[in-house]
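Heads up: the structure comes next, in structure tokens.
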Amino acid sequence: MTLMDAPAFDYVRDRRRSVILYASVGLVLVLFVGWWLVAGRPVDFPWNWNNHLLGRSAVNRFLTAVEKNDLPGAYGIWIHDKDWQQHQAQNEAYPFSRFQEDWSPTSPDNEYGVIQSHQIVATRMYGNVLMLAVMIDGRKSKALNLDYDPKAHTLSFSPPGVEIYLGP
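With my numbering, you'll find the sequence shown wraps up at 707, consecutive numbering, no jumps.
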């Protein structure tokens, strides 16, 4: 086939290809922005966005259970084991009795008292864990800092001296 024997240019086919290409790129961009919004608009790398999404979800479920005074359910979320009562010996590092002292509304160790509402104000990856700063009952003072381990799906308190800076 020579240059003179080339087929005529197909405008419809070229237009169809362009529309499919631009629509695909636009769809990928919309899905990417949607994923970022659903993950809570994290200021982090995209491969950590699922950690943000799962961590925020776990903390919301946990604090909602604490607000309802469902401490056994909240403890199951804390250690990521809904059947924790069947094998309590596995949870000796942070037993349920200590958990009740920390989170019970009548406990003297609970500095927040009765928890009625919460708001996650910041999330950051710190090493291999997701740190979350949570304002309890609309407090304007210090935030509660919790850690979410993405591999074990467990919650814990942030180490002493490690907290998310929320600004002046």
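By construction, the Cβ of each residue, glycine as well, lies at the ideal position given by its N, Cα and C atoms.
These figures come from a predicted structure and were not determined experimentally.
Compare the Cα-Cα distances from residue i to each of the options and report the closest residue.
| i | options | result |
| --- | --- | --- |
| G612 | A628, H591, F635 | F635 |
| N649 | A578, Y614, E640, D688 | E640 |
| S596 | P698, T693, W586, Y704 | T693 |
| F571 | L560, V558, I559, W586 | W586 |
| V668 | R678, Q655, P647, K690 | K690 |
First and last residue of the alpha helix (DSSP H) that includes residue i?
| i | result |
| --- | --- |
| F696 | No alpha helix (DSSP H) contains F696, which is instead part of the beta strand (DSSP E) from 693 to 696. |
| Q639 | 635 to 642 |
| Y561 | 550 to 577 |
| I618 | 610 to 618 |
Given this structure, state the Cα-to-Cα distance separating residue i from residue j, to the nearest angstrom.
| i | j | result |
| --- | --- | --- |
| V673 | N684 | 6 Å |
| G579 | T645 | 33 Å |
| D549 | R555 | 10 Å |
| H657 | D688 | 20 Å |
Buried or exposed, going by whether 16 or more other CB atoms sit within 10 Å of the CB of residue i?
| i | result |
| --- | --- |
| N590 | buried |
| T662 | buried |
| I675 | buried |
Is it the case that the Cβ atoms of residue i and residue j are separated by a distance below 8 Å?
| i | j | result |
| --- | --- | --- |
| V701 | Y651 | no |
| N630 | I616 | no |
| I654 | L671 | no |
Please report the residue range of the beta strand (DSSP E) in which residue i lies.
| i | result |
| --- | --- |
| T645 | It is not in any beta strand (DSSP E) - T645 carries neither H nor E in the DSSP assignment. |
| L685 | 683 to 688 |
| R600 | Not the beta strand (DSSP E): R600 falls in the alpha helix (DSSP H), residues 588 to 606. |
At a cut-off of 7 Å, would you count residue i as near the ligand ZN, judging by its Cβ distance to the nearest heavy atom?
| i | result |
| --- | --- |
| G565 | The ligand ZN is not among the ligands present in this structure, which contains no ligands whatsoever. |
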